[in-house]
Amino acid sequence: MSDILTKYNWFALAGGLMTILVIVVSLSTPWWQLTVGDDLLTVNASPINTNMGFLDASFTIPFIFALNIVSILGLLASAIAMLIYSIIPGKSYSIHLLGFGYKKPLYTVLFFIIGLVAITMICQTINLNFPLMGSTISTLPIPFASGITLTVLLSAGFQWSFWLAVIAAALCITARIYHGRVASVP
Amino acid sequence: MDKIRLILTLVTIAIVVIPIVGMLLAHQGNLLGLFIPPEITEIEDIMGGDGGLEPPQIVGEPEYNETTRTFSISFEYTNSFPIDITFNSFAGDIKCSEHHFTLGNASLSESVSIDAGETETLTVLGIWNEDAMGDTGHFKAEHGAEETVDVILADLTVDISGIQIQMDENEMGEMQVPNPTYQG
């Protein structure tokens, strides 16, 4: 029993599989969602798929789309490296596979949070306030006509797919910590 | 071992560089298009074009019910957005346009959904307040000899599909309402 526990890195296996699951799920479920009014405008954000919906139309910013492709390929490579490493953790080159794989889910989650906070702060400088979580009423800075002011209910929140990504990142970090136990077995 | 390390480094570089360079090449004639998708221009046309947020127009004459002290005013609104919208609420103060005295308040009788491009009638119900009615009220004291009184809607807030539009007093213009205390 002890042999099978230390022959493979189970946390890396779980982390790799969970990372693949995160990629698949995030294609359709955003990590964070902002809704304006009664679903009049929605912003669906995740490192895998970021898009906006307005007036029944959905669109993506091309540069963000390129960054989404970078994230998908990075996470996919990370997951493959973690899966390969998990079954051969004792090989001399395995530490490189682990080093390549375990950081990417964590960095993806961290950069996503930093990016969201940065965008929130940038928007605040132009008096466009939106919450990271919860609801708020915001006044649009540019009225469409003189004498008319627009205020909208903005609701935002992290979705379950975000927490799945956090779990994947945590499993990958645990795999790195657990590496000491599997690597020490001859 | 160094080969593995080198391969993984090259994979990392390729993963980052190829999509970004590919997107740059795809937009090399229009780098602004990298950050502003064409749909944004279409949305700007819709919002700044022929309409969307036009104030509703008053139709017909206001109707007054002496028993309930309420009156109703009908408005027509054309939805020039390409999507269906719903008027959730419509509320404001009714003020005498001459003295800026608050006579009562107005609210939407029921929420109204308007399909894209369609025109619907919104019925707003109003009720006069105590200070406006009675023998010492504003209607009798200031406009006792007038059959109709010019009023404006102030602090008007309209909720359309979750977006609240607040209008200045002059946006809706003046309208005439029957003087509820007029004896003829």
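Order-wise, the sequence lines are chains A and B. Here the numbering used here is used: position 22 in the first sequence is 321, and no number is missing along the way. Here the numbering used here is used: position 114 in the second sequence is 115, and no number is missing along the way. Beta carbons are placed, not taken as given, at the ideal position from N, Cα and C, and that holds for glycine.
Which chain A residues are close to residue i, counting only those with a beta carbon under 7 Å from its beta carbon?
i	result
B/H28	P361
B/V12	A376
B/L35	P361 and F362
Counting only beta-carbon atoms, is residue i nearer than 8 Å to chain A?
i	result
B/I153	no
B/G52	For B/G52, the predicted model reports a pLDDT of 48, less than 50, meaning its position is unreliable; a value from the coordinates is still stated below. Closer than 8 Å: no.
B/S114	no
B/I5	yes
B/L9	yes
B/Q58	no
B/I16	yes
B/M176	no
B/P181	no
B/M134	no
With distance defined between alpha-carbon atoms, name the residue in the options nearest to residue i.
i	options	result
A/L470	A/S385, A/H395 and A/I347	A/S385
A/L326	A/L372, A/D338, A/W309 and A/Y307	A/L372
A/F353	B/E67, B/N66, B/E40 and B/P63	B/E40
B/I161	B/A142, B/R70, B/G30 and B/F88	B/F88
B/G163	A/L374, A/L453, A/A417 and A/A365	A/L453
B/H144	B/T182, B/I166 and B/L157	B/T182
B/Q29	A/V323, A/H478, A/F362 and A/I394	A/F362
B/H218	B/V22, B/N31, B/T42 and B/H139	Since the first residue shown for chain B is 2 and the last is 185, residue 218 of chain B is missing from the structure and cannot be characterised.
A/G456	A/K306, A/A468 and A/N343	A/N343
B/I86	B/I5, B/S114 and B/I128	B/S114
A/P430	A/L320, A/V324 and A/W331	A/W331
A/D337	A/I421, A/I425, A/Y477 and A/T450	A/T450
B/T122	B/L157, B/P38 and B/V60	B/V60
Tell me which same chain residues have a C-beta within less than 8 Å of the C-beta of residue i, skipping the five on either side of it?
i	result
B/D3	none
A/M381	A311, L312, G314, G315, T318, L396, L397, G400, Y401, C471 and A474
B/M24	L35
B/N130	T103, L104, G105 and N106
A/I466	M317
So, at 6 Å on beta carbons, what are the nonlocal neighbours of residue i in its own chain, with the 5 sequence-adjacent residues on each side left out?
i	result
B/G52	Low confidence applies here, because B/G52 scores a pLDDT of 48, under 50, leaving its location unreliable; read the following figure in that light. Cβ within range, chain order: S81.
A/T359	N350
B/V159	F91 and I166
A/N428	S437
A/A464	V321 and V408
A/I387	S393
B/S110	T124 and L126
A/A340	Contrary to the premise, residue 340 of chain A reads as Leu rather than Ala in this sequence. F353.
With a threshold of 7 Å on Cβ separation, who are the neighbours of residue i within its own chain once the five nearest residues in sequence on each side are excluded?
i	result
B/T149	Q177, V178, P179 and N180
B/V12	none
B/P57	F76, E77, Y78 and L123
A/S434	L452, L453 and S454
For residue i, which residues in chain B fall below 7 Å Cβ to Cβ?
i	result
A/A356	E40
Are any of the Cβ atoms in chain B nearer than 8 Å to that of residue i?
i	result
A/H395	yes
A/G336	yes
A/I368	yes
A/A344	no
A/I447	yes
A/Y477	no
A/L470	no
A/F399	yes
A/L427	no
A/Y307	no
A/G433	no
Can you pull the chain A neighbours of residue i, defined as C-beta to C-beta under 9 Å?
i	result
B/F91	Going along chain A, no residue has its Cβ under 9 Å from B/F91, so there is no contact; the nearest lies around 14 Å.
B/S162	G336, D337, D338 and L339
B/I128	Near B/I128 there are no residues of chain A at all, since even the closest Cβ is about 25 Å away, more than 9 Å.
B/I21	F362, A365, L366, I368 and V369
Just the chain B side, please: which residues come within less than 9 Å of residue i by C-beta, in chain order?
i	result
A/L463	In chain order: nothing, as chain B lies at least about 22 Å away.
A/T450	T158, I164, Q165, I166 and Q167
A/L415	Here the premise fails: no neighbours, minimum Cβ distance about 18 Å.
A/G373	T13, I16 and V17
For chain E, is any of its Cβ atoms less than 8 Å away from the one on residue i?
i	result
A/Y384	Considering every chain present, this structure includes no chain E. Its protein chains are A and B.
Exercise for the section: List in chain order: all unbroken beta strand (DSSP E) runs of 3+ residues lying wholly within the segment 111-164 of chain B. Expected result: 113-115, 120-129 and 149-161
Handout entry: alpha helix (DSSP H) runs contained entirely in the segment 326-372 of chain A, provided each spans 4 or more residues
Key = none
Handout entry: Whole runs of the alpha helix (DSSP H) within the segment 12-89 of chain B, excluding any shorter than 4 residues
Key = If we require 4 residues or more, the alpha helix (DSSP H) runs fully inside the segment 12-89 of chain B come out as 39-49.
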